[in-house]
Amino acid sequence: MRWKIRCFVAALGVLAVSGCARQELAAPHESAITAIRYQVGPCHGTCPVYRVELQQNGATRFIGERYTAVEGERMTTGDPERFALVKQRLSAWQPTMGTTLKTAETPRCGPRATDFSHYTVTWIRRDGETAVLEHDSGCRSDDARQLTAVLQSLPETLQIANWVQP
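According to mature numbering (1 follows the signal peptide of the UniProt record, and there is no 0), the residues represented by the sequence shown are -26 to -1, 1 to 140, in order.
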């Protein structure tokens, strides 16, 4: 009888530990990026000013503010592949969660022109934690120009370029 009780207690211990292990393995899914926002700010001219919110299901919300072909809010239906593509293209520049990186304040900026658009990209996890990248497209290093090219290609990738270009 004691042997059965010991086996039962041991089995409960194994189940409890395996339950914890399953919770730990599930944690990365809980902290996955579920949304990406980016904002294009003004320059010293007529550069487009707009915001885009992209959800994990691919739903895209565009808000044209100034110098865009479309002013106000527009939505597109979900395409998860677009979200995955944008996330992958931006992954090399994503800062650590909970931080903000300003490219103009890093050596990666290089020489800087002051009259170009500014971009703010925000990665959002399911738990609400964010990582923010503030990029000055006036940064002229090779690295900064590559980032600018990726950011400028996002409207085409998201199939909203006709809303951006006047």
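Think of the CB as a built atom: it goes at the ideal place given N, C-alpha and C, for glycine as much as any other residue.
Work out the CA separation of residue j and residue i for me, nearest whole Å.
i           : j           : result
residue 136 : residue 65  : 25 Å
residue 117 : residue 18  : 23 Å
residue 109 : residue 122 : 8 Å
residue 67  : residue 132 : 19 Å
residue 81  : residue 119 : 13 Å
residue 107 : residue 41  : 23 Å
residue 46  : residue 57  : 22 Å
residue 78  : residue 63  : 20 Å
residue 113 : residue 30  : 30 Å
residue 83  : residue 111 : 9 Å
residue 73  : residue 10  : 15 Å
residue 75  : residue 98  : 15 Å
residue 69  : residue 140 : 32 Å
residue 21  : residue 60  : 22 Å
residue 104 : residue 125 : 19 Å
In the DSSP assignment, find the beta strand (DSSP E) that holds residue i and state where it starts and stops.
i          : result
residue 90 : Premise fails: residue 90 is in no beta strand (DSSP E) and is neither H nor E.
Out of the options, which has the shortest C-alpha to C-alpha gap to residue i?
i           : options         : result
residue 32  : 73, 7, 11, 51   : 51
residue 25  : 79, 53, 48, 7   : 48
residue 129 : 92, 12, 8       : 12
residue 16  : 84, 54, 92, 46  : 92
residue 115 : 86, 124, 105    : 86
residue 34  : 54, 95, 112, 20 : 54
residue 71  : 89, 96, 90      : 96
Per DSSP, what kind of secondary structure is residue i in: helix, strand or coil?
i           : result
residue 33  : coil
residue 6   : coil
residue 55  : helix
residue 41  : coil
residue 46  : strand
residue 140 : coil
Worksheet item: In the region 61 to 138, which residue ranges form an unbroken beta strand (DSSP E) of at least 3 residues, counting only runs that do not cross its ends?
Response: 74 to 76, 92 to 99, 104 to 110
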